[in-house]
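Chains as they are written, first to last, in our numbering: chain A, 1 to 295; chain B, 1 to 806; chain C, 1 to 195. Beta carbons: idealized from backbone N, C-alpha and C, even for Gly. These notes concern the structure reproduced below.
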Amino acid sequence: MALQSLDIARRSATTTEAPKVRETTEVAKLIDVSACIGCKACQAACMEWNDIRPEVGNNVGIYDNPQDLDDKTWTLMRFTEVEENGRLEWLIRKDGCMHCADPGCLKACPSPGAIIQYSNGIVDFHQENCVGCGYCITGCPFNIPRLSKTDNKAYKCSLCSDRVAVGQAPACAKACPTGAIKFGAKEDMVHYAEARIDDLKDRGYQNAGLYDPQGVGGTHVMYVLHHADKPTLYADLPENPQISPTVALWKGVAKPLALLALGATAIGSLFHYVMKGPNEVSKELEAEMEKEDAK
Amino acid sequence: MTNHWVDIKNADLVLIMGGNAAEAHICGFKWVQEAKQGRKARLVVVDPRFTRSAAVSDYYAPIRAGSDIAFLSGVIHYLLENDKIQHEYVKTHTNAPFLINPDFGFEDGLFSGYNADKRNYDKSTWSYQMGEDGYARVDPTLQDPNCVFQLMKKHFARYDADTVSRITGTPKDAFLKVCEMIAECSAPNRTMTILYALGWTQHSVGSQNIRTMAMIQLLLGNMGMAGGGINALRGHANVQGITDQCLFGESLPGYLHEPTDAEPTLESFVTKRTPKMLRPGQMNYWSNYSKFFVSLLKAFYGPNATADNNFGYDWLPKQDTAYDVLAMFERMHQGRMNGFACQGFNPLASVANKGKVSAALSKLKYLVVIDPLATDTSEFWKNHGELNKVDPAQIQTEVFRLPAALFAEHEGSFTNSSRVIQWHWKAADGPGETREDTEILGQLFTRLRAMYTSEGGAFPEQLMKLHWPYRIPSHPSAEELAREISGYAVSDLADASGNVTVKAGEQVAGFAVLRNDGSTACGNWLYSGMWSQAGNLTARRDNSDPTGLGQSLNWGFAWPANRRILYNRASCDASGKPWDPSRNILHWNGKAWGGNDVPDMRPNAAPEEGVGAFIMTGEGVARLFAPGMVEGPFPEHYEPFETPLGKNPMHPDVPAVVSNPAARVYKGDMEVFGKADEFPYVATTYRLAEHFHFWTKTSKINAILQPEHFVEISEELAAEKGIRKGDVVTVRSNRGHIKAVAVVTRRIPVLTVEGRKVHTVGIPLHYGFKGETKPGYITNTLTPFVGDANSQTPEYKAFLVDIEKA
Amino acid sequence: MNVSRRGFFKVCAAGMTGSSLATMGFAPTAALAEVRQYKLAHATETRSICPYCSVSCGTLVYSMGDKSKNAKARIFHIEGDPDNPVNRGSLCPKGAGLLDMVHSPLRLTHPEVREPGSNEWKRISWDEAFDRIARHMKADRDANFIEKNDAGLTVNRWNTFGFLASSAASNEPGYLTHKVLRGLGAVAFDTQARI
């Protein structure tokens, strides 16, 4: 059984109420971008711990390697060279799942139990329940989950839920040599961030601040930014991320509608599902939708 | 490092120059972040590239590769000119007051005594004035025109900010800003730490780069202080340990000298190597030289070494000339070597001028490669297309490749850069038929010895007399060897009153009990005590840090004598009070030296005795004037052997001093130095955060993180040459070419030097034709075959290239 | 709220292929929403040191098996040792990737020889390797050993054989290398510390 700290708070496509009596500690990973040297120890530790190895790629004229997240790359350093206040700055942001308090992926997911939010804030994908529709990707305001070409399932950072469950920090946080990644109770991380922000202000970064976007209810991966007024400087970190309206709708209006529509269209979908598997269905549906949208 | 990794957190200012700790020593760099967060320390980075260290710095100043001495000499000038030195410290702990021979001089870039034919110096004028009492003369007022302090003032006066900026390309305001920040650390309670690495050593003036900084640290009063010191961030996990075991032809373990032809007897050797005391009452610790040396001979030759045979002195080979790595490849290239072994060493990739190295290896009769990994060197004979264009049929070298165990597949000790020796345990066997290094050596030696026993041959005695007490002769254990290194009593040791303090066969507690009468054996005096009667102290795992200064005295064992900060006596004033009471690592308590470290001082030497803090020198003080250096007792700016300027801006009209006038250059190598008209860009080679030398290219994870060879150029140079990011480019030096992907970046500054633009081409070194990374060229195809005049470390960090789209 | 037709349809379809199918029993086995099993629970932990740079970080090396006679230990995970005062559990990208060097396809597994002029490696036994190498060394030493220099002074050196010693080796093999080399009369050797 999952440990207490991993009580389930939400489960995708499930209407059963989650247990709410126990009060567990919310955790968070704090990424202090101002202390990050982009060494990629986090990437290495992530690959090593999670037994994933993407293909060896190429150098395309930048330091980012691999160039994007994929099913075997759950975290990635994104490098940006900017000039701020007449000074060259090499901004390096560790990209990966933000573990939103209000997770768009989970809301969009149609498969029961494929996406779980634990009461400690971790949003975890359970690939054995994943049908490969890719809606979590649509639902994610940070463009994080990736479908695997190997097994048609969606993958992303689990915040090392297996380590956190036994009281350890995620592999990336433990490895981080400069302490740019810290892990702990979210409350403690916010306090630590305040001290970091004070230090940055003392060093002349007047707009230093914490990135914990409220549009998604706050996140369990937060950033300390030297230029919190301009998050987009950091490889297009969204200024005000929101769950896409379509997904938001699902929670409100669409879910009952969909249930009503069950009789009408579910049989067709079911037929596809049985005959060709889930991904084929979504691809065909996607294609139809593309056509519709193009009109 | 004179200090240690964790101590970096005690600094007020961290200067990273001649290194890139955030990439090459990442987990050590953590303590820079701790200093910033815990003490509000500032981080300054001076580098030809805007590195990952620069990315998190408070201030970055660009510099032209190969011009560090000019920069640092400018800092010295600034400190002297603005009176930003720690006066009491300089008077107490340095040779600033010492009077120098009036015949000493400096003119046109040369110190007195230069011999142009031999490219070396007669150093007789680089000497102290000696008094009638037999000691060096001093002027405590620092006013005598021949005192070191006055000579320094004069020597460095030429390095004003404008001159520095003109030579280094560092904008004047940036240079002055760095000077100001450094100067603040002349306050007795403020310290700067300097973190450097191969960015300073890999120059033809490498040793002087470091020395110039050492002088700055002395002027600021930062040597011996917590948060101060001169901190060389070394290469491999045990490069410090192997340096200490002195795997150099010219040395013996513990920085003892290998005897030369000029020292035919033990007596002549000991007399020559034992330094004289230069000021009264000093410790002059090297006066114990014979104790360390005879104890080593006892470890080497055991009972065979007796007083009657001078402890086997004749069995030790005598050195006739240099055999450093460049010298060996030069000899090999001349066909003067038959056999060669590479143990965990990949010279084809890591030594300068791959073409020459490859040609040299092709002339060998036999090559033995002992390595856990398939190295490029082991396949130097194999055709790897354009990456290694050779014809195997033409190469008659017989090559053996022996699989060795990796770190986690055997036990033993590693010495980190902090000089802390730590034991590591075995987790699993290596794959297949892998064997440990100790067994490979044991097997080879015992087989050779058996052959000499049965067949005879050249001087078999040399092998026969070697002491080989190991329980499994073909496989000495790490434990046996560690005990031998640490040392033991051969016979009972008695104190002055005749009481036996150490019984025969017992491990000694430290080097203080070593003797020169054959009653002690010690494989490396510096490591003495690492395995005492108390057991293996390198395996200690108590990480407690009661004072919060990070000393952790019960973690592992630091040489010497478990001391964590060298020269810690200098953290106190003449009376024994700490310069900064808030970082008290040592003080005089009225009866003894004590505190949070092992005193670098005789424990009962009262301050009134005037025993100097630098116990290894005959003077008892640190040397601002250092006659031990090959090219001068003071540093001077010399250009790299491949200079973009074609002259030394300090001495524009003196062709003899363009580059280091005392550096050794072989015939044939001088001829292939490139000139700026054909190779206009300054190239510099370096490591990346994602890779370690040529090992991690065999690791998939690291191959994923940085998969392919690249070079870095500025946007301006890229535009000039029509190169876009991601293009494949050819980089050419006068020794060969490589191809790699272009990374076009604002992080490579374009500098103005002597009124013209100087572009830098940055070249990481990690790639080769064997690996999980994309097959690549070997960077050292490009580098020049010339070394630092003192250490012979090749000049990998500054040479000339041309670049074009491939 | 501006909901595109596509988006709306997608959400509807999603709801159906998900919840509806599950209720009909077509979902994969209803696995418990547990985390992945913690893989180190019963592994053997050995304290070691990262062999890369001179920070010499403490590492915890995890191997399969409990060191019982019939279990062949195999390293499957390496992470930082939190007790080590310097790295305090952290590792850089090199150290964090150590596992892939330990199990690199480029690891050597048996002695080999490349004969003069040959274009390939040939597998040989350790015995053959040691004997052939020792034979080479002896022939070389016997032919080129210098007992006395031109001035007639005893020098006892062998300088036609060179050795590059590894700065990655532990102190003990490092010391042994030095001792053996001097025991053969070698003067030509060096290590990475130089460069």
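Using a C-beta cutoff of 9 angstroms, does residue i count as contacting chain B?
{"i": "Lys29/A", "result": "no"}
{"i": "Ile62/A", "result": "yes"}
{"i": "Pro177/A", "result": "yes"}
{"i": "Leu40/C", "result": "no"}
{"i": "Lys72/C", "result": "yes"}
{"i": "Ser34/A", "result": "yes"}
For residue i, would you say it is in contact with chain C, using Cβ-to-Cβ distances shorter than 9 angstroms as the test?
{"i": "Ala807/B", "result": "The first residue shown for chain B is 1 and the last is 806, placing residue 807/B beyond what the model contains."}
{"i": "Val166/A", "result": "yes"}
{"i": "Glu48/A", "result": "yes"}
{"i": "Gln792/B", "result": "yes"}
{"i": "Gly485/B", "result": "Contrary to the premise, residue 485/B reads as Ile rather than Gly in this sequence. Yes, its Cβ sits closer than 9 angstroms to a Cβ of chain C."}
Identify the continuous beta strand (DSSP E) that holds residue i and give its terminal residues.
{"i": "Leu43/B", "result": "Arg42 to Asp47"}
{"i": "Met222/A", "result": "Val221 to Leu225"}
{"i": "Tyr59/B", "result": "Tyr59 to Pro62"}
{"i": "Gly296/A", "result": "In this structure chain A extends from 1 to 295, so residue 296/A is not present and cannot be described."}
Residue i CB to nearest chain A CB: under 9 angstroms?
{"i": "Gly65/C", "result": "no"}
{"i": "Tyr686/B", "result": "no"}
{"i": "Glu172/C", "result": "no"}
{"i": "Val155/C", "result": "no"}
Cβ of residue i within 9 angstroms of Cβ of residue j?
{"i": "Arg724/B", "j": "Leu782/B", "result": "no"}
{"i": "Arg93/A", "j": "Ile181/A", "result": "no"}
{"i": "Asn189/B", "j": "Asp669/B", "result": "no"}
{"i": "Leu142/B", "j": "Lys177/B", "result": "no"}
{"i": "Phe293/B", "j": "Phe269/B", "result": "yes"}
{"i": "Gly430/B", "j": "Glu409/B", "result": "yes"}
{"i": "Val630/B", "j": "Ala789/B", "result": "yes"}
{"i": "Gly302/B", "j": "Pro140/B", "result": "no"}
{"i": "Asp81/C", "j": "Cys57/C", "result": "yes"}
{"i": "Ser295/B", "j": "Arg515/B", "result": "yes"}
Could you give the DSSP three-state label for residue i: helix, strand or coil?
{"i": "Asp261/B", "result": "coil"}
{"i": "Met225/B", "result": "coil"}
{"i": "Gln422/B", "result": "strand"}
{"i": "Cys246/B", "result": "coil"}
{"i": "Trp158/C", "result": "strand"}
{"i": "Ile704/B", "result": "helix"}
{"i": "Glu172/C", "result": "helix"}
{"i": "Val187/C", "result": "strand"}
{"i": "Pro372/B", "result": "coil"}
{"i": "Pro141/A", "result": "coil"}
{"i": "Met332/B", "result": "helix"}
{"i": "Met98/A", "result": "coil"}
{"i": "Met77/A", "result": "strand"}
{"i": "Leu69/A", "result": "coil"}
{"i": "Leu586/B", "result": "strand"}
{"i": "Asn82/B", "result": "coil"}
{"i": "Lys230/A", "result": "coil"}
In chain F, what lies closer than 8 angstroms to residue i by C-beta?
{"i": "Val743/B", "result": "Although the question refers to chain F, the structure presented lacks it and instead comprises the protein chains A, B and C."}
What first and last residue would you give for the alpha helix (DSSP H) that runs through residue i?
{"i": "Asp140/C", "result": "Trp126 to Asn144"}
{"i": "Gly445/B", "result": "Here the sequence assigns Phe to residue 445/B, which means Gly is not the residue at that position. From DSSP, the alpha helix (DSSP H) with Phe445/B extends over Asp437 to Glu455."}
{"i": "Val190/A", "result": "Lys186 to Asp202"}
{"i": "Asn50/A", "result": "Ala41 to Asn50"}
If residue i sits next to residue j, beta carbons under 8 angstroms apart, how far is it from one beta carbon to the other, in whole angstroms?
{"i": "Gly61/A", "j": "Gly726/B", "result": "3 angstroms"}
{"i": "Val187/C", "j": "Arg141/C", "result": "Going by Cβ atoms, the distance from Val187/C to Arg141/C rounds to 12 angstroms, so no, they are not a contact pair."}
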